[in-house]
Amino acid sequence: MGKQTTIVIVDDHPVFRKGLKDIIEPVPQFRIVGEAENGEVALRLIDELRPDIAIVDIEMPTRNGFDLVKEVHARQIPVDIVFLTMYKEEDIFNAAMDLGIKGYVLKECAVHDILECIRVVTSGKYYISPLLSTHLIHRNDRQKEFQNKHAALTLLTATERKILKLIAENKTSKEIAEGLFISYKTVENHRNNIANKLNLHGAHQLLKFALENKSYL
C-alpha cells in the first residue's frame, strides 16, 4: 500500500461525522486521524496532527469554517481544506474559494461526492460538487473579464504578483518585507514598479486597486 491520505473531520453533528467515517474508512488509501466538534478543537487537532486534508463544516461553534481557514493560513499549516456544507449561495461559495480552499462539497451530495473530492484534492487539483458547476462557470467568466480588462497584470513578475496579493490582504510594506525576508526598501521599489505597470497613480491607488480586486489576484 502506498502513502495514506490522512484526514481530520470537523463538524458539530456527531451523526454526520459518523456518516462520513462510514463512507471514508473502508477506503484503504484514506485514514481518518482525528475529528472535532468545533472550530477551536479543530485548529488544535490540525496543528498537532498535520493531516493532508481537513473536511470542515462552515457553520460551527466557537470558530466557524472561514475563521478556521484564516487561522490555519496565518499559522502556515500545510493542510488542504475542503468545505462540506449545506450552503449553495454563490456569494458564500465565492468567499470560500477566495480563501484558497481546495474543495467545496454540498452535504446533500456527500455520499456521492466526498470520496472523489478527496482523491481529486490529493492529486493537487480542486473539486467542486457538480451541482455548483454554474457558480464555477460564473466565477471563471468574471476572472477572464477581469484579466482582459487589466491585461497589464501579465507584465508583473512572479515576485510582484506575490506582493500584490499581500497588499490585497492589507499587509503593510513592513509586514510584507518581514514575511518575504527582504528589505522594506525592496518592497517599496516593487510597489512603485507594480503601480507604474498598472498605470495607478496617487498615494493609495495601488492599495485601493488591490483591495477592490482581491478575488481576482
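In this note's numbering, the protein residues as written are -3 to 213. Cβ atoms here follow ideal geometry from the backbone N, Cα and C, with glycine treated the same way. Only a predicted model underlies this, so the values are computations on that prediction, with no experimental measurement involved.
Which term fits residue i, buried or exposed, when burial requires 16 or more other beta carbons within 10 angstroms of its beta carbon?
| i | result |
| --- | --- |
| P10 | exposed |
| K98 | buried |
| H131 | buried |
| Y123 | buried |
| G35 | buried |
With DSSP as the reference, label residue i as helix, strand or coil.
| i | result |
| --- | --- |
| D43 | helix |
| I3 | strand |
| F26 | strand |
| L160 | helix |
| Y180 | helix |
| G61 | helix |
| A102 | According to the sequence shown, residue 102 is Leu rather than Ala. L102: strand per DSSP, three-state reduction. |
| L151 | helix |
| L202 | helix |
| L194 | coil |
| D76 | strand |
Within the same chain, show all residues whose beta-carbon is closer than 6 Å to that of residue i, passing over the 5 residues directly before and after it, in chain order.
| i | result |
| --- | --- |
| D109 | V101, S125 |
| T2 | R27, V29, P47, D48 |
| E216 | The question about residue 216 has no answer, for the chain in this structure spans -3 to 213. |
| T153 | none |
| R138 | none |
I think residue i touches residue j, with their Cβ atoms under 8 Å apart; what is that distance to the nearest whole Å?
| i | j | result |
| --- | --- | --- |
| V6 | M56 | 7 Å |
| V78 | V68 | 12 Å between Cβ atoms; not a contact. |
| L95 | F62 | 7 Å |
| K193 | A148 | 5 Å |
| S169 | E184 | 6 Å |
| E86 | H134 | 7 Å |
Please state if the CB of residue j and the CB of residue i are separated by a distance shorter than 8 Å.
| i | j | result |
| --- | --- | --- |
| L160 | L213 | yes |
| A89 | L128 | Ala is not the amino acid found at residue 89; the sequence shown has Phe there. Yes. |
| L202 | A191 | yes |
| R103 | L80 | It is worth fixing the name first, because residue 103 is Lys in this sequence and not Arg. Against a cut-off of 8 Å, the Cβ pair of L80 and K103 comes out as a contact. |
| I54 | I73 | no |
Whose C-beta lies closer than 8 Å to the C-beta of residue i among residues of the same chain, with five residues either side of it excluded?
| i | result |
| --- | --- |
| A38 | V4, V6, A32, A50, V52, M56, R59, L64 |
| F205 | L194, L196 |
Short of 7 Å in beta carbon distance, which residues of its chain neighbour residue i, apart from the five on each side in sequence? Order them along the chain.
| i | result |
| --- | --- |
| I19 | V107, I110, L111 |
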